[in-house]
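Undergrad: Sharing a structure here in structure tokens format.
Take a look at the structure:
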């Protein structure tokens, strides 16, 4: 109906393509969603230009589809384009820029390109701190992301500092952060400190273990059940 009444290249047609693509993604029909996102991006670029921020949601969504399909080079190209557009339109200190940095860093991390992910997460952290303040929950998540990258590069002291900052921000115990901090203590050969952290996890209610790695949280649940 929209194509007949408004023409095949109208922005409202692009919105319909995007909506249908999202439905296919929800149904795990990734191959069906890909051409719809591509058509939506094509229409938006024709109407607004390739450097308009209106393209970014579709670029990010298609990048997510590519990532699920393990087409990482294609995903990276779209995420970099999205970051460049947001950087130039929204300015360097904006939540959407931070999110684009996180998206690209996450892809680099999954490809084990830790040195590439590091400056992206570092810049994202700076933006979140500037926008939200140093005690915000989003900042704690950003600290965790960067800490993992440091740990993978064997920068254990730096990782430890960030994990401790993240734990200090959170009002409640976070099983995943405690678990990661314990792993850093093991890497630093501080086994007593690691044991103390694992005991903290053992003392946590079962319902609070959901953020820990599944294998560990399942093990702790089994130990608690046995103890009862």
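In our numbering, the protein residues as written are 10 to 237.
Glycine is no exception: its CB is placed at the ideal position from the N, C-alpha and C atoms.
As the structure is a computational prediction, the values presented were derived from the model and not from experiment.
#1: Hey, how far is the Cα of residue 31 from the Cα of residue 61?
#2: Select from 161, 53, 19 and 156 the residue whose C-alpha is nearest the C-alpha of residue 134.
#3: Taking buried to mean at least 16 other C-beta atoms within 10 Å of its own C-beta, is residue 13 buried or exposed?
#4: Mind checking which residues open and close the alpha helix (DSSP H) that includes residue 55?
#5: When DSSP labels each residue in this structure, what does residue 86 get in the three-state scheme?
#6: Please return the same chain residues whose Cβ sits closer than 7 angstroms to the Cβ of residue 42, not counting the five positions on each side in sequence.
#7: By a C-beta neighbour count over all protein chains shown, 10 Å radius and 16 as the cutoff for buried, is residue 119 buried or exposed?
#8: CB-CB under 8 angstroms to residue 26, same chain, minus the five flanking residues each way: which ones, in chain order?
#9: By how many angstroms is the C-alpha of residue 39 removed from the C-alpha of residue 64?
#10: Only counting the same chain, and skipping five residues up and downstream in sequence, which positions put a Cβ closer than 8 angstroms to that of residue 160?
#11: Could you tell me the boundaries of the alpha helix (DSSP H) in which residue 69 lies?
#12: Counting C-beta neighbours from all protein chains within 10 Å, is the total for residue 105 16 or more, i.e. buried, or is it exposed?
#13: Among 202, 124, 114 and 213, which residue has its Cα nearest to the Cα of residue 151?
#14: Let me confirm a value: residue 200 is counted as buried when at least 16 other C-beta atoms fall within 10 Å, else exposed. Which label applies?
#15: Would you report the Cα separation of residue 131 and residue 15, rounded to the nearest angstrom?
#16: Residue 209 to residue 86, Cα distance in whole Å?
#17: On the premise that residue 110 lies in contact with residue 92, defined as a C-beta separation below 8 angstroms, what is that separation, rounded to the nearest angstrom?
#18: Within this structure, are the beta carbons of residue 102 and residue 127 separated by less than 8 angstroms?
#19: Give me, in chain order, the residues of the same chain whose beta-carbon lies closer than 6 angstroms to that of residue 69; leave out the 5 immediate sequence neighbours on both sides.
#20: Would you please state the rounded distance, in angstroms, between the beta carbons of residue 172 and residue 202? I believe it to be under 8 angstroms.
TA: Inspection of the coordinates gives the following:
#1: 21 angstroms
#2: 156
#3: exposed
#4: 39-57
#5: helix
#6: 30, 33, 34 and 74
#7: exposed
#8: 45, 46, 48, 49 and 52
#9: 20 angstroms
#10: 168, 189, 192, 193 and 196
#11: 65-77
#12: buried
#13: 114
#14: exposed
#15: 45 angstroms
#16: 43 angstroms
#17: 7 angstroms
#18: no
#19: 91
#20: Their Cβ separation, rounded to whole angstroms, is 12 angstroms, which puts residue 172 and residue 202 out of contact at 8 angstroms.
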